[in-house]
Structures are given as C-alpha cells and as structure tokens.
Amino acid sequence: MTTKITPSVFAVGVLNPALRVFDIVMKTEFGTTYNAYLVKGSEKTALIETCHETFFDQFVENLNEVCKPAAIDYIILNHTEPDHSGALRRLAEICPNATIVASQAGSIYLKGITNNSALKIQVAKDGDSISLGNMTLNFISAPFLHWPDSMFTWLPEEKVIFTCDFLGAHYCEPYVFDYNTVYPQKYEQGFKAYYDAIFAPFKQYVLAGLAKIEKLPIDFLCTSHGPVLTKDGRLSYAKENYATWSAASANAKKKIPIFYTSAYGNTGKIAQAIAKGVREILPDAEVDIYDIIETDMHFLHNELAECTGFAIGTPTINRDAVPPCWELLSHIDAIGCQKKPCLAFGSYGWSGEGVPNLITRLQSLKLKVVGGGLKINFVPTPEDLEIARQQGAALAAVIQ
Ligand code: FEO
C-alpha cells in the first residue's frame, strides 16, 4: 500500500510488524518499518531508499502502484545498511535506467553489499544536487548517522527532507503520518530505545546533523523507520529530544561505575575498596557499584556508554571471566569508548584467568586499561583491600 505525502512524494515502503530483534542485538518489541519514498518530478523520477531484501516482492508491488520500476531514473541511498539497501541488487535488474546515488563511503559499501561491479553509481557530495525537472534533490552530508556513509536529501520545492535512520524509530503501525499514531506512548518508547541503541554513541554527530537541518523550513521529515514526522506533529518533539539527549552528557558530573559479579562476595569487597579509592580522588564524581546480575542489562549498557571511566570485576570460573561480564562488554560502544580509562579486578580460587581475559578484551577494544589487573586469591585481606583502594585512586587520577 502506498500513501501520498505531498503532490510529488509517495511513501512506498513496507511494514515488518513481527520483527523482535534488529541487527542481532537490538530488541524491537514494536516491530519496524522499512520506509522508502518515490519522488515524481516533471522530468525525472527518484526512489529514496529501498528495503530489506526479504520484502522485495511486496516493495515492488508498492512501487508499481505509483510508477513502473523501469521509469525510475535515480535510486538514492542516504545510508547503505542492508535494511535499506538489501533489495537493491534485485531492484537494479528491474530498474535498468536508474542511476544509484550515494555518498562516497556509501558507493564503496554498495559494491560489497551487492557484489555487482556493473552498478551505475553516482557519488553525491555535500551540497550536490540533482534536478528532477520541477523538483530538486539536495544532498547534505551527515556522517555517522548512523554509518560513515549517511547523508540527508532535501526537497525544497515541497519542504520534505529524507533522513533515513536519523530521528527514526523501530515502531510499526500501518499509518504513515505521526498524527495518526494509535499508541503514542509506545512510539515514544520505541523512539528513545532507537536513539539509545543507534545514536547515543554518536552524540556530537547528532548535534551536527540537527544543526544542518535547523534552518530548513521542513514540513515533512521522512525517516526510514517509523512514522513520517510532520511540522505540526512530532517533528519538534523528535528534534528537541535528540538535542537534549545528545547534550546531556556534555555538562554532566564525572561518572565512574564499578561493575562486578561475585559468587561469594569477595569480588564485591574489592569493588567497594576500588570505589573508596575513586571517591577519595574525585569526591564529586558519581561512583555507583553495580552487581551485574542484579541490575537490568540495558541500564548497564547505558551506564557503560555514558561513563567517564569504569572498573569491571569478575571471579574466575572455568578458566575465564563469567558470562554476565562478557555480556556487558559485548554491548560496549567501541567507537565512543575508545581510550576510556578502565580497570579489571576479581577474586579467584585456582588459576585466575578471569581478570587477564577481561584485560585482553578491553585492550582489543582500544580502551585505556589502568594497571595490569587486580587479582586476589580467595578472600581479600586488609592489605589486598588497601591495594584495591590504591587502584581505584589510580583510575581516578587518570580521569581527573
Ligand atoms: Fe536502518 Fe542504520 O539502518
């Protein structure tokens, strides 16, 4: 099913209400949509984004409601992640006249995604434009929103901007416009979860992206997931929240969480001593101690992303750190956390591989590991706890 957004712009995307996990790690309890848009100019026709390859047949059905695929002159990919580019390989076969337009990075990614070196790809640089006759597509570079390839496409004649992931939400209702959303609270939940998972690691880029569209007189902001945002509907809500969430950490207090798991309380005691050392050096810092298995993992992921530095503690079981610690580190934002100060600690009984294994992982993520790891055999003595306090102070001194 398609929907007319303006006289020249049609929503031709598909719904995926059943999706419950996106990109392996993101829960999507409200499903998602793969939005795409057709822009019909007086001389040329452009398709903005495609969709996940699974929905190719339905997507082509939608396209056919508005125009024959062979009549498409341009396929614009503002971002080439396969939820938007997956259908391109097959689509190119039925759109023989189409030139594919992407950023420089996008053009490189598309070669690997489609394995089709014969694709006609035109690189769009910041400020470039394409005329469709009475309509113009203006390209605005918007890197890391959410890949290095990302850009926006602005259609000034109808005051429509296409931003792909930016300001989107994994949220599925069979209505295109934001003012028709039946469960707005669920949409808001999906919108925040999407920001947290996709954009929180790129806050400076989010602010740069907002600045680039700030002065545009937008009536419709067409994302590629969730409802179209309208001037009198959710557009301001979405932009203001992105601005708030992205600015929040800039002025925040230093935050140094201590994460740990502990079978018999020994690693927990070390955590307390490390926290004491941190607080001595940075008395104004937020130093919260979290038992990983007692705390919501999604919350901990955010703490890890937002913190100034951290410590992580594990016992050793089966010659390794324990699964909750690996689970926490598996969600670390490797770009945003690069060079973040951290230390690893833990009590062990036999061989004590848990701490060195965590350190190897932290170093491979290019974090700044303070010290060589604090391993304490069984129950920490007062002397051990003093060393732990000193290690906490050393961590704080690096952060200071
Ligand atoms: Fe919706 Fe980054 O892809």
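Residue numbering for the sequence shown follows our numbering, starting at 49 and increasing by one per position.
Note that beta-carbon positions come from the ideal geometry of N, C-alpha and C, so glycine has one too.
Contacting residues, own chain, Cβ-Cβ under 6 angstroms from residue i (five flanking each side not counted)
i              : result
leucine 67     : Thr76, Gly79 and Thr80
tyrosine 235   : Tyr219 and Thr229
leucine 111    : Val60 and Pro117
threonine 51   : Ala59 and Val224
isoleucine 306 : Ala319, Ile322, Ala323, Ile337 and Ala359
threonine 315  : Tyr308, Gly361, Pro363, Gly394 and Ser395
methionine 74  : Ala245
glutamate 101  : Gly134 and Ala135
Proximity to residue i [Cα-Cα], best of the options
i              : options                           : result
alanine 140    : Ser56, His132, Lys168 and Glu113  : Lys168
cysteine 143   : Gln152, Thr93, Ile188 and Asn64   : Thr93
proline 372    : Leu158, Ile383 and Ile360         : Ile360
arginine 464   : Phe347, Ala311, Thr343 and Lys301 : With the chain running from 49 to 448 in the structure shown, residue 464 is simply not present.
tyrosine 242   : Leu376, His194, Gln411 and Gly89  : His194
serine 151     : Gln233, Glu375 and Phe200         : Phe200
lysine 303     : Met183, Gly238, Ala333 and Thr278 : Ala333
arginine 437   : Cys212, Asp226, Thr292 and Lys317 : Lys317
threonine 54   : Ile266, Gln439 and Val403         : Ile266
aspartate 213  : Glu221, Met49 and Ala245          : Ala245
glutamine 386  : Ala441, Leu433, Leu413 and Tyr312 : Leu413
methionine 183 : Gly440, Ser56 and Asp344          : Ser56
glycine 402    : Ala291, Asn366, Lys388 and Leu433 : Asn366
glycine 313    : Pro428, Ile72, Phe103 and Thr343  : Pro428
Expected contact under 8 angstroms - CB spacing of residue i and residue j to nearest Å
i                 : j              : result
valine 87         : isoleucine 96  : 7 angstroms
leucine 352       : isoleucine 447 : At roughly 15 angstroms, the Cβ-Cβ gap does not stay under 8 angstroms, so leucine 352 and isoleucine 447 are not in contact.
proline 130       : isoleucine 161 : 6 angstroms
cysteine 99       : alanine 135    : 5 angstroms
phenylalanine 426 : glycine 397    : 6 angstroms
cysteine 125      : glycine 89     : In the sequence as displayed, the identity of residue 125 is leucine instead of cysteine. 18 angstroms between Cβ atoms; not a contact.
phenylalanine 268 : valine 208     : 5 angstroms
glutamate 308     : aspartate 280  : Note that residue 308 is tyrosine in the sequence shown here, rather than glutamate. Going by Cβ atoms, the distance from tyrosine 308 to aspartate 280 rounds to 49 angstroms, so no, they are not a contact pair.
leucine 283       : tryptophan 202 : At roughly 14 angstroms, the Cβ-Cβ gap does not stay under 8 angstroms, so leucine 283 and tryptophan 202 are not in contact.
isoleucine 188    : lysine 260     : 5 angstroms
tyrosine 122      : serine 272     : Not really, about 17 angstroms apart at Cβ, beyond 8 angstroms.
arginine 137      : asparagine 164 : 6 angstroms
proline 196       : aspartate 226  : At roughly 29 angstroms, the Cβ-Cβ gap does not stay under 8 angstroms, so proline 196 and aspartate 226 are not in contact.
phenylalanine 239 : tyrosine 85    : Not a contact, Cβ separation roughly 20 angstroms.
alanine 295       : leucine 258    : Not confirmed; about 10 angstroms, so no contact.
valine 149        : alanine 172    : 5 angstroms
7 angstroms CB neighbourhood of residue i in its chain, flanking five on each side removed
i                 : result
histidine 349     : His379
phenylalanine 192 : Ser198, Phe250 and Tyr253
glycine 400       : Thr364 and Lys423
isoleucine 464    : Look at the range of the chain in this structure, 49 to 448, and you will see that residue 464 is not part of it.
isoleucine 407    : Ala392, Val417 and Gly421
alanine 369       : Thr362, Gly402, Asn405 and Leu406
valine 69         : Lys75 and Thr76
8 angstroms CB neighbourhood of residue i in its chain, flanking five on each side removed
i            : result
cysteine 390 : Gly357, Phe358, Ala359, Ile360, Leu410, Leu415, Lys416, Val417, Val418 and Leu443
(request) List in chain order: all unbroken beta strand (DSSP E) runs of 3+ residues lying wholly within the region 64–111. (result) For the region 64–111, whole beta strand (DSSP E) runs of length 3 or above, ordered along the chain, are 80–82, 85–88 and 93–96.
(request) Jot down the residue ranges of each uninterrupted beta strand (DSSP E) in the region 332–411, minimum 3 residues, whole runs only, in chain order. (result) Listed in chain order, the complete beta strand (DSSP E) runs (minimum 3 residues) inside the region 332–411 are 337–339, 358–361 and 389–396.
(message) For a minimum of 3 consecutive residues, which ranges assigned as the beta strand (DSSP E) are wholly contained in the region 251–301?
(response) Uninterrupted beta strand (DSSP E) stretches at least 3 residues long and entirely within the region 251–301 occur at 268–271, given in chain order.
(message) Quick check on the DSSP output: what are the complete beta strand (DSSP E) runs of length 3 or more inside the region 139–169, in order along the chain?
(response) The region 139–169 contains these whole beta strand (DSSP E) runs: 147–150.
(request) Mind listing, in chain order, the continuous alpha helix (DSSP H) runs of no fewer than 4 residues lying wholly within the region 199–261? (result) Listed in chain order, they are 232–242 and 251–261.
(request) Report yes or no: do the region 307–322 and the region 414–430 share at least 3 C-beta pairs separated by less than 8 angstroms? (result) At 8 angstroms Cβ cutoff, the stretches touch.
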